[in-house]
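Novice: Before I ask anything, let me first share the structure, which is written out below as structure tokens.
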Amino acid sequence: MKNIVILTGAGISAESGMGTFRDEGGLWTQYALEDVATPEGFARNPALVQEFYNIRRVKAAAARPNEAHEALARLQREWPGRVDIVTQNVDGLHEAGGARDVIHMHGELAGALCAACGHRWEAPAEMAVGEPCPACKGPHARPDVVWFGEIPYHMDRISDLLDAADLFAAIGTSGQVYPAAAFVHQAAAAGAHTVELNLEPSELASGFDELRSGPASRVVPDWVG
Ligand code: BJW
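Note that the sequence shown covers residues 1140 to 1364 in the working numbering.
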């Protein structure tokens, strides 16, 4: 067992106070995802979208990593082989917990992106509608996150890691959003042992070799050992 690939979702940050999307009371019960997580929603109402992300940016800045983030960072430090963390989360809590080289497939709250020229820079705590891009000066700044209909970041690199994985773990993700939901199948086809760590078995649970149910702050440190 040499190469470990770990996919994380909102559930790993739930106990740090960051909301999940699809659980009871989750973000998609408070906002329509078409309004705040699509390019079309941003074109229709940029103020609503900036407000949605400003609130979450402030919350993430105040949040602290929990035992699950810290256990994964420890695994990265102590495992003799590779441990790659691919996260769908935009909150930066893996790095705050000590992880390195985290692959942010859905972008980061800390980043701003110019929708016109593609330039990226550090987002201010509060982004305003029409904020100018430092490169092209156009008023098209948006959060550097991946919305529905957009292609997630680092897909070639992730695909190579999955093809070389000996162990694949999915932590705190409902498995309802692609392409991340298909990673377990790619890793299994490459011969990896697959394990799901989640509060309760997800919709994809039958596709994993092993299930560990419970809150991430307990099951992840137990799994890491
Ligand atoms: C705990 C816990 C605790 C709670 N401890 N666990 C039809 C079929 C197939 C695909 C499609 C389709 N129609 C459209 C698509 C594509 C679409 C898609 O998947 N749609 C589905 C809705 C069907 N996907 C896309 O558009 C993606 N792009 C794409 O496919 O491009 C094409 C392409 C790809 C690759 C190569 C070439 C081309 C882009 C998806 C972008 C998703 N963006 C968001 C927003 C990001 C920014 C932001 O944060 O605001 O990403 S949406 C949202 O969902 C966010 C999350 O990262 C993502 C996944 O959510 P996650 O993390 O799983 O959270 P939840 O809430 O769903 O689950 C939490 C889990 O934790 C639960 O299971 C709980 O039980 C558990 N939990 N507390 C442990 N304490």
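Glycine included, every Cβ here is placed at the ideal spot set by N, Cα and C.
The model shown is predicted, which means the values in this text are computed figures rather than measured ones.
Any heavy atom of the ligand BJW within a distance shorter than 6 Å of the CB on Ile-1290?
Specialist: Within the sequence shown, the letter at position 151 stands for residue 1290. Ile-1290: yes, Cβ under 6 Å from the ligand BJW.
Novice: Could you compute how far the alpha carbon of Gly-1220 sits from the alpha carbon of Ala-1308?
Specialist: In the sequence shown, residue 1220 corresponds to position 81, counting from 1. In the sequence shown, residue 1308 corresponds to position 169, counting from 1. Cα-Cα distance, rounded: 15 Å.
Novice: Quick check on the DSSP output: what are the complete alpha helix (DSSP H) runs of length 4 or more inside the region 1209-1251, in order along the chain?
Specialist: List check, alpha helix (DSSP H) in window: 1232-1235.
Novice: Would you say Arg-1161 touches the ligand BJW, meaning its beta carbon is less than 6 Å from a heavy atom?
Specialist: Locating residue 1161 in the sequence shown gives position 22, counting from the first residue. Answer for Arg-1161: yes, Cβ within range of the ligand BJW.
Novice: Give me the Cα-Cα distance between Ala-1320 and Leu-1343, rounded to the nearest whole angstrom.
Specialist: Counting from one through the sequence shown, the residue named residue 1320 turns up at place 181. Counting from one through the sequence shown, the residue named residue 1343 turns up at place 204. C-alpha separation (whole angstroms): 8 Å.
Novice: Roughly how many whole angstroms lie between the Cα atoms of Ala-1329 and Glu-1261?
Specialist: Along the sequence shown, read from residue 1 onward, the residue named residue 1329 stands at position 190. Along the sequence shown, read from residue 1 onward, the residue named residue 1261 stands at position 122. The straight-line gap from Cα to Cα measures roughly 37 Å.
Novice: Start and end of the beta strand (DSSP E) containing Val-1334?
Specialist: The residue given as residue 1334 occupies position 195 in the sequence shown. Per DSSP, Val-1334 belongs to the beta strand (DSSP E) from 1332-1337.
Novice: Would the region 1180-1187 count as touching the region 1331-1343 if we require 3 or more Cβ pairs under 8 Å?
Specialist: No contact exists between the region 1180-1187 and the region 1331-1343.
Novice: From Ala-1199 to Ala-1210, what distance separates their C-alpha atoms?
Specialist: Locating residue 1199 in the sequence shown gives position 60, counting from the first residue. Locating residue 1210 in the sequence shown gives position 71, counting from the first residue. About 19 Å.
Novice: Trp-1362 bridges to which residues according to DSSP?
Specialist: Position 223 of the sequence shown holds residue 1362. Partner(s): none; Trp-1362 has no beta bridge.
Novice: Indicate the three-state DSSP secondary structure (helix, strand or coil) for Glu-1173 in the structure shown.
Specialist: Here residue 1173 is taken as the residue at index 34 of the sequence shown, counted from 1. In this structure, Glu-1173 counts as helix in the three-state DSSP scheme.
Novice: Cβ-heavy atom distance between His-1233 and the ligand BJW below 6 Å?
Specialist: As a position in the sequence shown, residue 1233 is number 94, starting the count at 1. His-1233: no, Cβ never under 6 Å from the ligand BJW.
Novice: Is the beta carbon of His-1245 within less than 6 Å of some heavy atom of the ligand BJW?
Specialist: Here residue 1245 corresponds to residue number 106 of the sequence shown, with the count starting at 1. Answer for His-1245: yes, Cβ within range of the ligand BJW.
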